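I have placed the structure first, in the form of structure tokens, so that the comments after it can refer back to it.
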Amino acid sequence: MALWTLMREFLSLSNLVGPLVEKLVDVGSDGLSWAYSSLSRLLNVEADLEKLRRTVSRIHALLKDAEETRFIEDSNVRLWLSELKDIAFDAEDLLDEFQTRVNVSKLQASAADAGDGGRSRKRKRPWHSSSVNPVWLLSWNISRQIAEIRENYRAIAEDRNTLHLREGESKRRAQVSEERLASETGSLQGEPLIVGIDDKKREIAQLLISNGGNGVAVVSVVGAGGIGKTTLARLAFGDQEVVKVFPLRIWVGVSQGFDVKKTTKEIIEAMTEKRCDLPNLELLQRRLQQLVSGKKFLLVLDGVWNEEQYYWEMLRAPLMAGGNGSRVLVTTRSELVWRNMRALPPIYLNGLEEEHCWLVFRDLAFGPGAWDRHQNLVKIGREIVKKCQGSPLAAKSIGGLLYNKMDEEEWRSVLSDLPDPEDDANQILLTLKVSYDHLPLHLKQCFAFCSIFPNGYEFDRDELVKLWIAVGLVKPRGMRSLENIGGRYFDYLLWRSFFHISSSNQQSKPKYKMPGLIHELAQSVSEHECLGFENDSVHGESENARYFMSCLKNMEPVTFQKIFGNKSLRAFIWLPENGVPTKQVPHDLFVNLKCLRALDLRRNELVVLPDAIGNLIQLRFLNLYGTQIKRLPESVSNLYNLQVLELGECNKLIELPKGMSNLVNLRHLGLHLDWAQHRNRWTDLISMPPGIGQLTSLRTLSRFSVSAESGCGLGQLKDLNLQGELCISKLENVVKVKDAEDANLKNKKYIDFLMLRWSESTCSSSQTRSEEQVIENLCPRTNIRSLWIDNYNGTSFPNWLQDRSFSNLETLRLFNCRKCAVLPLVGKLPQLRNLYLEGLPEVQHMGRVVPGNDTTMGFPLLEVLSIANMRNLESWYVVTRGEMACLKKLVISDCPKINGLPHLPHSLEYFEMRNCHKLLSLPVPPFLQELVINGGNPKIIWWIPQLTSLISLTISQLSGLKSVPSRVNLHNLTFLRKLKIEGCGNLELLALQDLASLEFLEISSCPKLASFAEEELPAALKEFRLCFCDSLKSLPSEMHLLPSLNHMEIHNVPMLTSLPAKGMPYSLKYLAISGCPLLQQCCERNGADWPKIQHIPFRRIGESSSS
1 MALWTLMREF LSLSNLVGPL VEKLVDVGSD GLSWAYSSLS RLLNVEADLE
51 KLRRTVSRIH ALLKDAEETR FIEDSNVRLW LSELKDIAFD AEDLLDEFQT
101 RVNVSKLQAS AADAGDGGRS RKRKRPWHSS SVNPVWLLSW NISRQIAEIR
151 ENYRAIAEDR NTLHLREGES KRRAQVSEER LASETGSLQG EPLIVGIDDK
201 KREIAQLLIS NGGNGVAVVS VVGAGGIGKT TLARLAFGDQ EVVKVFPLRI
251 WVGVSQGFDV KKTTKEIIEA MTEKRCDLPN LELLQRRLQQ LVSGKKFLLV
301 LDGVWNEEQY YWEMLRAPLM AGGNGSRVLV TTRSELVWRN MRALPPIYLN
351 GLEEEHCWLV FRDLAFGPGA WDRHQNLVKI GREIVKKCQG SPLAAKSIGG
401 LLYNKMDEEE WRSVLSDLPD PEDDANQILL TLKVSYDHLP LHLKQCFAFC
451 SIFPNGYEFD RDELVKLWIA VGLVKPRGMR SLENIGGRYF DYLLWRSFFH
501 ISSSNQQSKP KYKMPGLIHE LAQSVSEHEC LGFENDSVHG ESENARYFMS
551 CLKNMEPVTF QKIFGNKSLR AFIWLPENGV PTKQVPHDLF VNLKCLRALD
601 LRRNELVVLP DAIGNLIQLR FLNLYGTQIK RLPESVSNLY NLQVLELGEC
651 NKLIELPKGM SNLVNLRHLG LHLDWAQHRN RWTDLISMPP GIGQLTSLRT
701 LSRFSVSAES GCGLGQLKDL NLQGELCISK LENVVKVKDA EDANLKNKKY
751 IDFLMLRWSE STCSSSQTRS EEQVIENLCP RTNIRSLWID NYNGTSFPNW
801 LQDRSFSNLE TLRLFNCRKC AVLPLVGKLP QLRNLYLEGL PEVQHMGRVV
851 PGNDTTMGFP LLEVLSIANM RNLESWYVVT RGEMACLKKL VISDCPKING
901 LPHLPHSLEY FEMRNCHKLL SLPVPPFLQE LVINGGNPKI IWWIPQLTSL
951 ISLTISQLSG LKSVPSRVNL HNLTFLRKLK IEGCGNLELL ALQDLASLEF
1001 LEISSCPKLA SFAEEELPAA LKEFRLCFCD SLKSLPSEMH LLPSLNHMEI
1051 HNVPMLTSLP AKGMPYSLKY LAISGCPLLQ QCCERNGADW PKIQHIPFRR
1101 IGESSSS
């Protein structure tokens, strides 16, 4: 009777289950029977869920068994396996949805039961319920889906029998856990093993540094995939002789699509080490032309595929403005590429000799020096090496597979799996497939996931691990964190040569790439799960894909519809690699993709994220890095499962959702800003959301903005076990001094970068005392590596800053500490390498850097010292012999009262002084290589001739300077190659003929300069720039005799009427003239000076250019 009562209640929910009622009416008694069975499932939903969990376990066991045996080569079996994976995904999605709703209900109940008179803030409810309890409908729907999944599984299991597949009947491949990765090989991970290619390296190096021919020559290395082209290019790139010849070296990995705009942009970014946002190809080409013009450079284009000559001509044009002897080194699989690039005869790489290939394999498989203890395996190993066919990538991969395995049967198993040597372009790929086949299932899945990224993509290890975790590819193990487990996954794949360290990476934190052939392998094994769009190529299937990535210039609506039709998609990654970043994401993404676990929209120009983001209840990873978002919608607080929220470089972000304390699974909240570059050009958060301290799973919190509001103070940091970077801003809002102690910084042992920042404002004496107490209580753990104190208003620095126990501190920045008169005694910090002092107006003397009774040498490892905007600084303590022995760079800027410097160490290479008007001497060592003088007393240049090792000299804003040389003998500067003179308003005469090695000369904003001395410019000159010289009427008459001049620019020199009568040198390859109306008229086609410049390959006269 109770069941029929339950049925009546069930049928009464007509507003929710109308379709069910209609089915009952339509089919009569059959409908009642159907309803009875449905309600039976409803009552047993918990039991059904437990059955589904057991089914999922069986599916995973079956997948593991199938992936680790040989029968998957059959196409029917592969299709069966794909269907089995789909069932596994669907079952996991259903279990996750139910578990999420259960956990949220518990969370809400816990918040409701914590009724303590309002002292505990109730969490916002992530899902709104109807007035009629929807649990009935939810439970019925889940039971129905469970039944459907289990029925599909039974059908799949029967198909296994039809395909004559029996568990354990096939030979199981030998498996290796990533736990067996040898710790002693850590330093070698990702680095190439260099064997057997020395001769080829020397051949390439000789082609690069040889002086044959003018202009920019192309050198090419041609060979099959996996044969070692990139390794060979890396060796030549780092060759000592090559480094000496090419001061400017650039490495760019070229993707298979070879988009000219993207490649040009990457070259610019590699040269400048800054992001380039120029919107179109024309501007990019102009910028690249400026950067390389007249400079001798080496550019490596690694992995060029595109055989269309048009694309190379587009890329080549701006590069041709480079200095004589410049080289472009290309690695490619195609002979047609080097022909279209008009390259020198190529260097063919046919692989390693067998003995060299054996050495690569031997050291990885046995470990260094251990092979002779396993003679029974040596013969098998040599047979394996024969099948590697000279490919170092294959030898490394198979050698890594067999590392620490000394069972003869396992070695014979691998040997039998390897294909026999054939003259086949895919032979190496098939060999690498064997290495993949022997991976454990979880590593196969992680490896296959990487195929959605474009070929040549630079992976960040930590970011990739977070993505793996988000989509469910990293499995818990014991008490270890998922990040630690995923990191081991990556390290093992790196050890097995599925990744290598990127050659183009200029950052301290390494980036990684997949070798081109490995990327092809990843795509070949992931077509069912992955879908990737790049340029004109599409990889994978849209109907069943679980992971999607696009870096297309434009996505057609019909393409979006196909993707959004796949409601089981787990990852959606949209990279603005090519073309214009998107400003809006289609609404269907947030409505249809309910199973989405990872959403990556980094560097797109998004301004608003819709409220519908809250529909993605399974979302674990949300990356909005570098977007233009100001506020996140409150619905983000509904994303109960969210683990990663990346908002770094969102410099317009001012507010986070108030309900973020709902995100109890959040582990990483990225709020990083480039403090050094944009310290005064970003908007800080108004405040942190209340209750951040409840997010006890949080490991990364890049920024914490203090507020006086309840639940937003420093005490919220107390129980957070944070790591990496932490900036605490708006410290003026600290209500109680004890709040700073409650932040518990002293026990946060994994923080390595700490910034303590107050807002720029004046404060009373009582506030000053409060700030002194606050900073004293914000003492970090002594293992911190970088510390920045900004806008501090106390009169003294904290005592803990002088503690020698801060033995790991490498970088210290003290900015705008306006009331501190005495610097802390930081000279005894043993690891301090970088010290920046700026905006300390009360400091008058640079006193002792160590206590008076301390015999320790000050700053034993200091390399960079910058002192700026210290308007009352007068003197410096005497530097004793042995102090600052490692100092390489010294900058003193805007210190108008400083009247002397101590004798500086011989290690100093770079010295810059700006607006130090009382500084009249330069007690710098004679080995100084680069000197910048900006402002100050012109008498300072009398010291320059003593700097006989000087390579680069910049003189600017010396209004009292009338001539160069001015009582200065320049002939001692025999190594000077670069000279810039700018902003010297009274300079009238230049005589530079004594600078025999001068290669670069730039003169700008010298309005009284009327002429050069009668002597000519130095014969070694390669690049000459003239800008904003209003009185200059003529150029040196003998310029045609300058044999090395290849780049010349003249801008805004209105009195120039013509080029020298004897013309310009035939070595000149680039000439730009603008803002010179009379001269431009003469240089137009058919103008008086046209015959003097028509031989120049690249000309830009006014706004027009020609070649």
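For the sequence shown, the positions run 1 to 1107 when the UniProt record's numbering is used.
Virtual Cβ for every residue (Gly too), placed ideally from N, Cα, C.
Computed from a prediction, not measured in an experiment: that's the story for all the values here.
- [ ] Please classify Asn-793: is it buried, with 16 or more other beta-carbons within 10 angstroms of its beta-carbon, or exposed?
- [x] buried
- [ ] State the DSSP-derived secondary structure class of Val-822, mapped to helix, strand or coil.
- [x] coil
Task: Three-state class that DSSP yields for Glu-863 in the structure shown - done: coil
Task: Cβ shell of Pro-938 (< 6 Å), same chain only, five flanking positions each side left out - done: Leu-958, Gly-960 and Leu-961
- [ ] Leaving aside the five residues before and after Leu-418 along the sequence, list all residues of the same chain whose C-beta is less than 7 Å from its C-beta, in chain order.
- [x] Ile-384, Lys-387, Thr-431 and Val-434
TODO: Could you tell me which residues DSSP pairs with Leu-931 in its beta bridges?
DONE: Phe-911 and Leu-953
Task: Closest residue to Pro-346 among Ser-334, Leu-1001 and Cys-357 (Cα-Cα distance) - done: Ser-334
Task: Backbone CA spacing between Val-330 and Ala-236 [nearest angstrom] - done: 12 Å
Task: Pair within 9 Å by beta-carbon distance, Ser-391 and Gly-351 - done: yes
- [ ] Compare the C-beta of Asp-198 against all C-beta atoms of chain C and say whether one is closer than 9 Å.
- [x] Any reference to chain C falls outside this structure, which holds one protein chain only.
Task: Residue from Leu-890, Ala-155, His-917 and Glu-422 with nearest C-alpha to Glu-930 - done: Leu-890
Task: Sequence-distant residues of its chain with Cβ nearer than 7 Å to Phe-453 (five each side left out) - done: Met-549
- [ ] Could you tell me whether the stretch 356-374 touches the stretch 314-327, where touching means 3 or more Cβ pairs closer than 8 Å?
- [x] no
- [ ] Would you check if there are 3 or more beta carbon pairs closer than 8 Å linking the stretch 515-527 to the stretch 471-479?
- [x] no
Task: Thr-431, enclosing alpha helix (DSSP H) - first and last residue - done: 427-437
Task: Minimum length 3: unbroken beta strand (DSSP E) runs contained in the stretch 1014-1072 - done: 1023-1027 and 1047-1051
- [ ] Drop a sphere of 10 angstroms on the beta-carbon of Lys-171, count the other beta-carbons inside from all chains shown, and report buried for 16 or more, exposed for fewer.
- [x] Unreliable placement is indicated for Lys-171, whose pLDDT of 44 sits below 50; the coordinate value is still reported in the next sentence. Label assigned to Lys-171: exposed.
TODO: Can you give me the Cβ contacts of Arg-160 inside the same chain, cut-off strictly under 8 Å, excluding the 5 residues immediately before and after it?
DONE: Leu-62 and Trp-80
- [ ] Starting from the C-beta of Leu-745, find all residues in its chain whose C-beta is less than 6 Å away, skip the five residues before and the five after it, and write them out in chain order.
- [x] Leu-778 and Pro-780
Open item on the list: Could you pull the DSSP bridge partners for Phe-548 from this structure?
Closed with: Leu-531 and Phe-572
Task: Gly-540 in three-state terms, based on DSSP - done: strand
- [ ] List the DSSP bridge partners of Lys-513.
- [x] His-500
- [ ] Identify, in the order they occur along the chain, each residue of the same chain with its Cβ nearer than 7 Å to the Cβ of residue 1154, setting aside the five sequence neighbours on each side.
- [x] This structure leaves residue 1154 out entirely; the chain is present only between 1 and 1107.
Task: Identity of the residues DSSP links to Lys-980 by a beta bridge - done: Thr-954 and Glu-1002
Open item on the list: Please classify Gly-400 as buried or exposed, where buried requires at least 16 neighbouring CB atoms within 10 angstroms.
Closed with: buried
Task: Whether Arg-699 touches Gln-723 by CB criterion (9 Å) - done: yes
Open item on the list: Just to confirm the assignment, what range does the beta strand (DSSP E) spanning Gly-303 have?
Closed with: 297-304
Open item on the list: Within 10 Å of its beta-carbon, does Gln-618 have 16 or more other beta-carbons around it, so buried, or fewer, so exposed?
Closed with: buried
TODO: Answer yes or no: do Leu-1009 and Leu-976 have a C-beta to C-beta separation smaller than 9 Å?
DONE: no
Open item on the list: Let's test the definition: count the other Cβ atoms within 10 Å of the Cβ of Leu-1041 and tell me whether it reaches 16, buried, or not, exposed.
Closed with: exposed
Task: Alpha-carbon to alpha-carbon, Ile-268 and Arg-1100 - done: 20 Å
Open item on the list: Given 8 Å as the limit, tell me if Leu-961 has its C-beta closer than that to any heavy atom belonging to the ligand PLP.
Closed with: Among the components modelled here there is no ligand, and therefore nothing to report on the ligand PLP.
- [ ] With a 10 Å radius around its C-beta and 16 neighbouring C-beta atoms as the bar for buried, classify Ala-676 as buried or exposed.
- [x] exposed
Task: Between the CA atoms of Gln-802 and Asn-972 - distance to the nearest angstrom - done: 44 Å
Task: Reference Glu-203; option with closest CA among Cys-1006, Pro-610 and Leu-344 - done: Leu-344
Task: 6 Å Cβ shell around Leu-663 - same chain, five flanking residues per side excluded - done: Leu-642
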